[in-house]
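Note that full-length UniProt numbering has the sequence shown beginning at 1, numbered continuously upward.
Note that the Cβ used here is the ideal one computed from N, Cα and C, for glycine as well.
Note sheet for the following structure.
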Amino acid sequence: SSVFKGSAVCVYSMADIRAVFNGPYAHKESVDHRWVQYEGRIPYPRPGTCPSKTYDPLIKSTRDFPDEVISFIKRHPLMYKSVYPVTGGPVFTRINVDYRLTQIVVDHVMAEDGQYDVIFLGTDIGTVLKVVSITKEKWAKEEVVLEELQIFKHPSFISTMEISQKQQQLYIGSRDGLVQLSLHRCHTYGKACADCCLARDPYCAWDGNSCSRYAPTSKRRARRQDVKYGDPIAQCWDVEDSISHETADEKVIFGIEFNSTFLECIPKSQQASIRWYVQRSGEEHREELKGDERIIKTEHGLLIRSLQRKDAGAYFCKAQEHTFVHTIVKLNLNVIENGQMESTQKTEDEEGRVKDLLTESRLRYKDYIQLVSSPSFSLDEYCEQMWHREKRRQRNKGGAKWKHVQEMKKKRNRRHH
1 SSVFKGSAVC VYSMADIRAV FNGPYAHKES VDHRWVQYEG RIPYPRPGTC
51 PSKTYDPLIK STRDFPDEVI SFIKRHPLMY KSVYPVTGGP VFTRINVDYR
101 LTQIVVDHVM AEDGQYDVIF LGTDIGTVLK VVSITKEKWA KEEVVLEELQ
151 IFKHPSFIST MEISQKQQQL YIGSRDGLVQ LSLHRCHTYG KACADCCLAR
201 DPYCAWDGNS CSRYAPTSKR RARRQDVKYG DPIAQCWDVE DSISHETADE
251 KVIFGIEFNS TFLECIPKSQ QASIRWYVQR SGEEHREELK GDERIIKTEH
301 GLLIRSLQRK DAGAYFCKAQ EHTFVHTIVK LNLNVIENGQ MESTQKTEDE
351 EGRVKDLLTE SRLRYKDYIQ LVSSPSFSLD EYCEQMWHRE KRRQRNKGGA
401 KWKHVQEMKK KRNRRHH
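Encoded structure:
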């Protein structure tokens, strides 16, 4: 809809739809032309009925409808009663986004705690959303976005989508081509029982070793899955140990003073909320980081602008879902003083100049020996040769300096990204 700049997905009952179309028609009457229920005679065949041999062999198409029926349809284009969603409202909404939903397919998936409808939604910018709608207490609905994938390299209107149950694949079509995508990608949810459980994907369960495809007919009792609540504490026996020891990935990051650096942290689950904590160098306590103009929190990590020496320390990226909190990554940030980088660059430049002088001295000595030992080699020829060599050396020096600057930029980019 262009009214609220978004899209919605609703579920309707076919029985409710049939009941409304078999019910009364809407009719405008009285001075104020309000819509009221039509209670007059309805012509035969009933408007809205599809012609068929079983209904009336004499009426083969709508062209055979009597004039009375055509006139009634023109005066009564609407039904009096409405069809409402079975859940009382949308099962999924997207508002204030820069795309619209264009295609929808649904797969009915049996999980450990019941059957779920997994909804695949295509957009007009070439992305696919994988969504599951979960019924909670008092028939409340919770929408969970399992994945949001960029299918096509460039934004492209998704015009068709089909599910192959036999191949367990989703086929997505646009003007740019056709893409095949697996319905389940359990390996992307991490290598821990907690991550697999928090994903809440009906297709996936923890089998004791990895997050893998759940099969209802499987006899393995070690399968751990909780789509409805996503509670790893109740499902994973090793969660308490992993929380107490904080067995998270640990990395060392280097940043240059007064430059920007990025600390990457991407949670496995789309439902997780991220919090950052820092333990600065020389301190024992941790403090939660609050975003400001210099420290910016993004979907993929933490951007620190104009890096300062006091920013050095251990940064903890924590994910929280409901009451479960765990550390995703620990990043040890080392800040290199800007003066150290300048002195290193000066040292490299000085070493280069000394090397050039030594090379030049050796060449001149070699040329001098050649001049003395060869009577045919005149002094004018020697001077001309030295002049040309000096011009080449100046050109090469300029190119080498530019190459050095480019190499320094590449090194800095590798540090920050």
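(message) With a threshold of 6 Å on Cβ separation, who are the neighbours of residue 424 within its own chain once the five nearest residues in sequence on each side are excluded?
(response) Here the chain has residues from 1 to 417 only, and residue 424 is not among them.
(request) Kindly indicate which residue of 269, 313, 335 has the alpha-carbon position closest to the one of residue 131. (result) 269
(request) Look up residue 235 in the DSSP assignment and say whether it is helix, strand or coil. (result) helix
(message) With a threshold of 7 Å on Cβ separation, who are the neighbours of residue 440 within its own chain once the five nearest residues in sequence on each side are excluded?
(response) Look at the range of the chain in this structure, 1 to 417, and you will see that residue 440 is not part of it.
(request) Output the distance between the C-alpha atoms of residue 59 and residue 69, rounded to the nearest integer angstrom. (result) 12 Å
(request) Specify whether the stretch 9-21 and the stretch 86-102 touch according to this definition: at least 3 beta carbon pairs, one from each stretch, less than 8 Å apart. (result) yes
(message) Using 8 Å as the cut-off, can you tell me whether the stretch 122-130 makes contact with the stretch 24-40, which would need three or more C-beta pairs spanning the two stretches below that distance?
(response) no
(message) With distance defined between alpha-carbon atoms, name the residue in 315, 170, 200, 71 nearest to residue 134.
(response) 200
(message) Using only the alpha-carbon positions, how far apart do residue 190 and residue 109 sit?
(response) 21 Å
(request) Going by CA-CA distance only, name the one from 213, 318, 159, 236 that's closest to residue 194. (result) 236
(request) Please report how far the alpha carbon of residue 61 lies from the alpha carbon of residue 212, in whole angstroms. (result) 53 Å
(message) Which same chain residues end up closer than 8 Å to residue 145 when comparing Cβ atoms and leaving out the 5 residues on each side of it in sequence?
(response) 129, 130, 131, 270, 271
(request) At 3 residues or longer, and completely inside the stretch 277-309: list those beta strand (DSSP E) runs for me, N to C. (result) 295-298, 301-304
(request) Specify, as a first and last residue, the run of the beta strand (DSSP E) that residue 159 falls within. (result) 158-164
(message) I believe residue 107 touches residue 227 by the beta-carbon criterion, under 8 Å. Please report the beta-carbon distance rounded to the nearest angstrom.
(response) That belief does not hold up - the Cβ atoms of residue 107 and residue 227 are roughly 14 Å apart, past 8 Å.
(request) With DSSP as the reference, label residue 21 as helix, strand or coil. (result) helix
(message) Whole angstroms are fine: how far does the CA of residue 276 sit from the CA of residue 295?
(response) 11 Å
(message) Between which residues of its own chain and residue 265 is the CB-CB distance below 6 Å, once the five residues before and five after are set aside?
(response) 301, 317, 328, 329
(message) Looking only at its chain, what residues have a beta carbon closer than 6 Å to the beta carbon of residue 305, apart from the 5 residues adjacent to it on each side?
(response) 260, 294
(message) On the criterion of 16 or more Cβ atoms from any shown chain inside 10 Å, does residue 66 qualify as buried, or is it exposed?
(response) exposed
(message) Rounded to the nearest angstrom, what separates residue 156 and residue 311 at their Cα positions?
(response) 42 Å
(request) Output the distance between the C-alpha atoms of residue 143 and residue 286, rounded to the nearest integer angstrom. (result) 34 Å
(message) My parser needs the beta strand (DSSP E) runs of 3 or more residues fully inside the stretch 190-227; what are they?
(response) 204-206, 211-213
(message) Which of the three DSSP states is assigned to residue 364 in this structure?
(response) Note that residue 364 scores 49 on pLDDT, short of 50, meaning its location in the model is unreliable and no value can be drawn from it.
(message) Less than 9 Å between the C-beta atoms of residue 324 and residue 232, yes or no?
(response) yes
(request) Count the other C-beta atoms from every protein chain shown that fall within 10 angstroms of the C-beta of residue 273, then say buried if there are 16 or more, exposed otherwise. (result) exposed
(request) Return the CA-CA distance between residue 251 and residue 267, expressed in angstroms with no decimal places. (result) 16 Å
(message) I'd like the list of long-range same chain contacts for residue 372, defined as Cβ closer than 7 Å, with 5 residues on each side in sequence excluded.
(response) For residue 372, the pLDDT reaches just 41, beneath the cut-off of 50, and the residue's location in the model is therefore unreliable, leaving the point undetermined.
(request) Specify the secondary structure class of residue 10 as computed by DSSP and reduced to three states. (result) coil
(request) Compute the Euclidean distance between the alpha carbons of residue 96 and residue 6, then round it to the nearest angstrom. (result) 6 Å
(message) Rounded to whole angstroms, what is the Cα-Cα separation between residue 111 and residue 27?
(response) 48 Å
(message) Distance check for residue 315 and residue 288, CA to CA, integer angstroms please.
(response) 10 Å
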